[in-house]
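> Quick one: the structure is below, and I'll ask about it shortly.
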Amino acid sequence: SRGLKSAAQLAKNHAHGERITYMGGCRCDECRAANTAYERERQKARKEGDWNGIVSAAKARRHILNLSEQGVGRSAVSAASDVSRSIISEIRSGSRKRIRARTERSILAVTIDMASDHALIEAAPTWRLINALLDEGYTKTELARRLGHKTHALQIGKDQVTARVAATVKRLYERLMSWDDEGQQQAAAQNSERRRTSQRFNRARV
Numbered sequence: 493s494r495g496l497k498s499a500a501q502l503a504k505n506h507a508h509g510e511r512i513t514y515m516g517g518c519r520c521d522e523c524r525a526a527n528t529a530y531e532r533e534r535q536k537a538r539k540e541g542d543w544n545g546i547v548s549a550a551k552a553r554r555h556i557l558n559l560s561e562q563g564v565g566r567s568a569v570s571a572a573s574d575v576s577r578s579i580i581s582e583i584r585s586g587s588r589k590r591i592r593a594r595t596e597r598s599i600l601a602v603t604i605d606m607a608s609d610h611a612l613i614e615a616a617p618t619w620r621l622i623n624a625l626l627d628e629g630y631t632k633t634e635l636a637r638r639l640g641h642k643t644h645a646l647q648i649g650k651d652q653v654t655a656r657v658a659a660t661v662k663r664l665y666e667r668l669m670s671w672d673d674e675g676q677q678q679a680a681a682q683n684s685e686r687r688r689t690s691q692r693f694n695r696a697r698v
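So this is what it looks like as structure tokens:
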């Protein structure tokens, strides 16, 4: 039993009218009513898809293995499902036999597209695009704002980025560098001029 207390032992410290006392063996009216109320809420949660009891991890394991066969790794599944990588690893290896129902639902909801968004890829191509925009006169603060970052800093990894971040930066680059839009071209030119002016000013101060 590895030192775990039985329901009867746990029930000793509880008053009647709780489910634990029913589980401990009491069948008085109060304890039976508490158990009935619990079962009623559990069935309601099941119907609404919000039940969080213990289930077999087999279905989640099959889904993780299926995603793996299609090139989706544990880190991507973890990020997409918001389930820790250690738990994903234990489910995948088969060492974790049972999991919470919500954990199962979160894992089963992961699709290849979702996981791909969270897959980590080399950051160098993304930074090449960012540096090209910086050379055009766009500031890091402006790029951070356009990318939807909550701070003025570019929240992008130096070595790796998610596929979603890479795609977002690429779309921004293509939009800002599109010479078909005269207004954008003019804005970029103005940014370049501001940057050159700032550089000349800084050199003059030195």
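Under this note's numbering, think of the first position of the sequence shown as 493, with each following residue one higher. Every residue, glycine too, gets a C-beta built ideally from N, C-alpha and C.
1. So, under 8 Å CB-CB, I580 and V569 are touching, yes? Tell me the CB distance rounded to an integer number of Å.
2. Classify R590 as helix, strand or coil using the three-state DSSP reduction.
3. Verify whether the separation of the beta carbon atoms of E596 and V547 is less than 7 Å.
4. Have a look at L559 and V657 and give me their C-alpha separation to the nearest angstrom.
5. Near E510, which residues of its chain fall below 6 Å by C-beta distance, leaving aside the five closest residues on each side in sequence?
6. I believe R577 touches R566 by the beta-carbon criterion, under 8 Å. Please report the beta-carbon distance rounded to the nearest angstrom.
7. Nearest-angstrom Cα distance between L635 and L664?
8. Using only the alpha-carbon positions, how far apart do R637 and D605 sit?
9. Going along the chain, which residues of its own chain have a beta-carbon closer than 8 Å to the beta-carbon of Q562, five neighbours each way excluded?
10. How many Å lie between I556 and L621 at the Cα?
11. Leaving out the 5 sequence neighbours to the left and right, which residues in its chain are closer than 6 Å to H508 when beta-carbon positions are compared?
12. Compute the Euclidean distance between the alpha carbons of K632 and S573, then round it to the nearest angstrom.
13. Starting from L612, trace the beta strand (DSSP E) both ways and give me its first and last residue.
14. Between which two residues does the beta strand (DSSP E) containing S548 stretch?
15. Residues in its own chain within less than 7 Å of E582 by CB, not counting five upstream and five downstream?
16. In three-state terms, what does DSSP make of T631?
17. Alpha carbons only, please: which of H506, S670, V575, A616 is nearest the one belonging to E628?
18. Give the single residue among A552, A659, L668, A550 whose Cα lies nearest to the Cα of H610.
19. Can you tell which of A615, A552, T654, R532 has its C-alpha closest to the C-alpha of S585?
20. Between which two residues does the alpha helix (DSSP H) containing V602 stretch?
21. Could you check where the beta strand (DSSP E) with T660 kicks off and where it finishes?
According to the data block:
1. Counted from its first residue, the sequence shown places residue 580 at position 88. Counted from its first residue, the sequence shown places residue 569 at position 77. Correct: roughly 5 Å between the Cβ atoms.
2. For the purposes of this step, residue 590 is taken as the residue at position 98 of the sequence shown. Note: R590 maps to strand in three-state DSSP.
3. Along the sequence shown, one-based indexing puts residue 596 at 104. Along the sequence shown, one-based indexing puts residue 547 at 55. Their beta carbons are under 7 Å apart, which means E596 touches V547 by this criterion.
4. Translated into positions along the sequence shown, residue 559 becomes position 67. Translated into positions along the sequence shown, residue 657 becomes position 165. So the two alpha carbons sit approximately 21 Å from each other.
5. Reading the sequence shown from its first residue, position 18 is the one you call residue 510. Taken in chain order, the residues that qualify are A526.
6. Counted from its first residue, the sequence shown places residue 577 at position 85. Counted from its first residue, the sequence shown places residue 566 at position 74. Yes, R577 and R566 are in contact; Cβ-Cβ is about 6 Å, under 8 Å.
7. On the sequence shown, position 143 is the one that residue 635 refers to. On the sequence shown, position 172 is the one that residue 664 refers to. Cα to Cα, L635 sits roughly 9 Å from L664.
8. Taking the sequence shown and counting its residues from 1, one reaches residue 637 at position 145. Taking the sequence shown and counting its residues from 1, one reaches residue 605 at position 113. Distance between the alpha carbons of R637 and D605 is about 26 Å.
9. One-based indexing of the sequence shown puts residue 562 at position 70. Cβ within range, chain order: I604.
10. Position 64 of the sequence shown holds residue 556. Position 129 of the sequence shown holds residue 621. Cα-Cα distance, rounded: 34 Å.
11. Position 16 of the sequence shown holds residue 508. So the qualifying residues of the chain are C520, E522, C523.
12. Position 140 of the sequence shown, counted from the start, is the residue given in the question as residue 632. Position 81 of the sequence shown, counted from the start, is the residue given in the question as residue 573. Approximately 31 Å, taken between the alpha carbons.
13. By 1-based counting over the sequence shown, the position of residue 612 is 120. Looking at the DSSP string, the run of the beta strand (DSSP E) that includes L612 is 612-614.
14. Residue mapping note: residue 548 aligns to position 56 of the sequence shown, counting from 1. Counting along the chain, the beta strand (DSSP E) containing S548 begins and ends at 546-548.
15. Residue mapping note: residue 582 aligns to position 90 of the sequence shown, counting from 1. Closer than 7 Å at Cβ, skipping near neighbours: R588.
16. Residue mapping note: residue 631 aligns to position 139 of the sequence shown, counting from 1. Coil at T631, not helix or strand.
17. Position 136 of the sequence shown, counted from the start, is the residue given in the question as residue 628. The residue with the shortest Cα to Cα distance from E628 is S670.
18. Stepping through the sequence shown from its first residue, residue 610 is reached at position 118. Selected option, being the one with the closest Cα: A659.
19. On the sequence shown, position 93 is the one that residue 585 refers to. Minimum Cα distance to S585 is reached at A552.
20. Taking the first residue of the sequence shown as 1, we reach residue 602 at position 110. Looking at the DSSP string, V602 is not in any alpha helix (DSSP H), and its letter there is neither H nor E.
21. One-based indexing of the sequence shown puts residue 660 at position 168. First-last for T660: 655-668, but that is the alpha helix (DSSP H), not the beta strand (DSSP E).
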